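Single-structure report; data block below.
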Amino acid sequence: MKQGSIMQTTVETRYGKIRGTELSKSIVWKGIPYAQPLAGPLRFQPPQPPEPWTGTRDATEFSPIAPQPILQEQRLSQIFTGKQGKPPVIGEDCLTLNIWAPQDRSQKHPVMVWIHGGAFVSGSGSTPLYDGESLATEGDVVVVTINYRLGAPGFLYLENEGQPQCNRGLLDQIAALRWVQENIAAFGGDPDNVTVFGESAGAMSIGTLLAMPAARGLFHQAILQSGASHAVSTKEQAEQQAGDFWKALGKEQPDLNALAELPFEEIIQAQVRSAEGKTQMSYQPVIDGVTLPQAPIDAVASGSAREVSLLIGTNRDEWKLFEAMQTMKVPFNEEIFAKAFGPAAPAVQAAYTADQRGETPAEVWSSVQTDRIFRIPAIRLAERQIQHSPVWMYRFDWVSPVLYGRLGACHGLEIPFVWNTIEKAAALTGNTSDSHALGRRMRAAWIAFAHTGSPEAEDLPHWPRYDLERRATMIFNTSCAVIDDPEPHTRALWERLM
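Under the UniProt record's numbering, the first residue of the sequence shown is numbered 1, with each subsequent residue one higher.
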């Protein structure tokens, strides 16, 4: 490496110098610690600032990913890429972040911090679909991806001397955002213009961060892809899940010492056993009254995120991915439909037929799951936030060509369009000229939002803010258009049902 390149890729953070890798038009730094490794007692404690180091730390390789059931991550990767791939390295030295930045650091660039999905039990910031090189250079932004604790290490409800100890995964995210505030200027980033964006559990995390006092002021815009503020447990629900975990671990009562001493593999195995047979996410944020004082949707309604602009949306056929993966799936029959809605079942069927969301009961059920878990919570969050700050709504309608179109516009399909990693996800996207054109339009909106706080961009129709009168929604498809109040019958139906 040339001397100039070494100087270009070496950055001094608050904790010490790091050296990254020079790419064609950007620089990447990988595996930067934003907190101490999760050794011993720290495993189930709030994140602690990293220890400073001397010399120059190598930041050219990704760190281990957070402890998790590795088969889940591999299965999702295989659906997107068509390849099994080698298992990633798992370890407790995982509280790290990765940064892609334009080579020109003479001016401040907007910062985009990605929070990955994975149902709060899987995923990482180093997944190939989240390669930030293209987004950083195309958008003239600094891109950050993070790891955070998952499953039991991140979200198991614990108490110490009567005080709740939970939401460690969210506290990790906050620690990473605080690290960004303190250090990102050295990478050419603007700490006063930070956009968080995430998908699925990543978006649900953001929807919860909007309500957490410790997160206030750490970001200025938020993009929520297929997730909102609803994925939370009450303290009572979390205590019940914790009881199931301790039983799976072979303990009659909580044993905090065991958590510090056991191999993390045994903890993850108990986590998996404690979630078997459950259709809801077992490990997720908890309304503990301390880190999360109240239900996020209520906090947002009260103005907890009044200074944050939102871009939020869902994919039209979210649930079809879970059907394909055979996860969180209850085999459908009409008895399930009748049990779910009782006397309202005929009205549900009529509303979904009127909105052309399915003809058979099984098709309607798939649309119901999409709306119950993703679409309606996004609308509810938007309705609360528009009282305080600008909100824009989108829907992703582009249909995957694989399996003869049976996946539809499924959960997660928009990710490679946002990141310009369509070629890496060709098993799901098909890698066509139409898909690349749509990706350019979506990225233009995401990038504009990070720069200006508005997703208005060239090659897209005028995109009005979301309000209760029009409910303007940008439809991302081969051709893009704004539709007022798409599928009003089912939206109105859920207002009555919920």
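Where is the CB? At the ideal position from N, CA and C, for every residue including glycine. Keep in mind the model is a prediction, meaning the values are calculated, not measured.
Exercise. For P455, which option in T195, E363, W179 has the closest C-alpha, if you only look at C-alpha atoms?
Worked result: T195
Exercise. From P461, S479, G453, P486, pick the residue whose C-alpha is nearest to that of E469; which is it?
Worked result: P486
Problem set entry | Alpha carbon of W100 to alpha carbon of V28, nearest angstrom | 4 angstroms
Exercise. Considering only C-alpha positions, which residue in the set G412, D397, T478, I447 is nearest to G433?
Worked result: Per the sequence shown, residue 433 should be read as Ser rather than Gly. Closest option to S433, Cα to Cα, is T478.
Exercise. What residue range is occupied by the uninterrupted alpha helix (DSSP H) comprising M442?
Worked result: 433-452
For this session: Report the three-state DSSP secondary structure of I373 (helix, strand or coil).
Result: helix
Problem set entry | Same chain, Cβ closer than 6 angstroms to I146, neighbours up to 5 away in sequence not counted | L97, G125, A176
Problem set entry | Residue span of the alpha helix (DSSP H) that contains T429, given as start and end | 426-429
Problem set entry | Supposed contact pair S233 and T208 - C-beta distance, whole angstroms, cut 8 angstroms | In fact, because the Cβ distance is near 11 angstroms, the residues do not count as touching under 8 angstroms.
For this session: Tell me whether R178 sits in a helix, a strand or coil according to DSSP, three-state version.
Result: helix
Problem set entry | Three or more C-beta pairs below 8 angstroms linking the segment 310-321 and the segment 386-395 | yes
Exercise. From this set, V272, S24, D317, G31, which residue's C-alpha is nearest Q241's C-alpha?
Worked result: V272
Problem set entry | Through-space distance from A185 to K108, alpha-carbon basis | 7 angstroms
Problem set entry | Extent of the continuous alpha helix (DSSP H) run through S205 | 201-209
Exercise. How about R465 and P390: are their beta carbons less than 8 angstroms apart?
Worked result: yes
Exercise. Do you know how far the Cα of D131 is from the Cα of E414?
Worked result: 15 angstroms
Exercise. So L310 is in the beta strand (DSSP E); what residue range does that whole segment cover?
Worked result: 309-315
For this session: Give me the Cα-Cα distance between K247 and S274, rounded to the nearest whole angstrom.
Result: 8 angstroms
Exercise. Per DSSP, what kind of secondary structure is R33 in: helix, strand or coil?
Worked result: The amino acid occupying residue 33 in the given sequence is Pro; Arg does not appear at that position. It is a strand residue.
Problem set entry | Bounding residues of the alpha helix (DSSP H) (the contiguous stretch that carries A270) | 264-275
Problem set entry | Supposed close pair T60, K25 - CB separation, criterion 8 angstroms | In fact, because the Cβ distance is near 18 angstroms, the residues do not count as touching under 8 angstroms.
For this session: Would you mind sorting M1 into buried or exposed? The rule is 16 or more other CB atoms within 10 Å of its CB.
Result: Interpretation of M1 is limited by its pLDDT of 44, a score under 50 that renders its predicted location unreliable; no figure is taken from the coordinates.
Problem set entry | F120 versus A39: straight-line alpha-carbon distance, rounded | 21 angstroms
Problem set entry | Given 8 angstroms, three or more beta-carbon pairs between the segment 244-258 and the segment 295-310 | no
For this session: Let me know if G20 comes out buried or exposed under the rule of 16 or more other beta-carbons within 10 Å of its beta-carbon.
Result: buried
Problem set entry | Closest by C-alpha distance to E138, when choosing among D484, T490, T421 | T421
For this session: With distances taken Cα to Cα, identify the nearest neighbour of F264 among E22, D459, N257, G91.
Result: G91
Problem set entry | For S226 and A345, the rounded distance between their alpha carbons | 26 angstroms
For this session: Would you grab the beta carbon distance between L438 and W463 for me? Rounded to a whole angstrom, and I think it's under 8 angstroms.
Result: Not quite, the Cβ-Cβ distance comes to about 15 angstroms (not below 8 angstroms), so this is no contact.
Exercise. If H451 and P110 are in contact, beta carbons under 8 angstroms, what's the gap, nearest whole angstrom?
Worked result: 5 angstroms
For this session: Along the beta strand (DSSP E) that carries M325, what are the first and last residues, could you check?
Result: Per DSSP, M325 belongs to no beta strand (DSSP E); it is in the alpha helix (DSSP H), 319-325.
Exercise. Between E334, R372, Q45, which lies nearest to R168 when the distance is taken from Cα to Cα?
Worked result: Q45
Exercise. Among Y352, E161, L224, S106, which has the Cα closest to the Cα of Q385?
Worked result: L224
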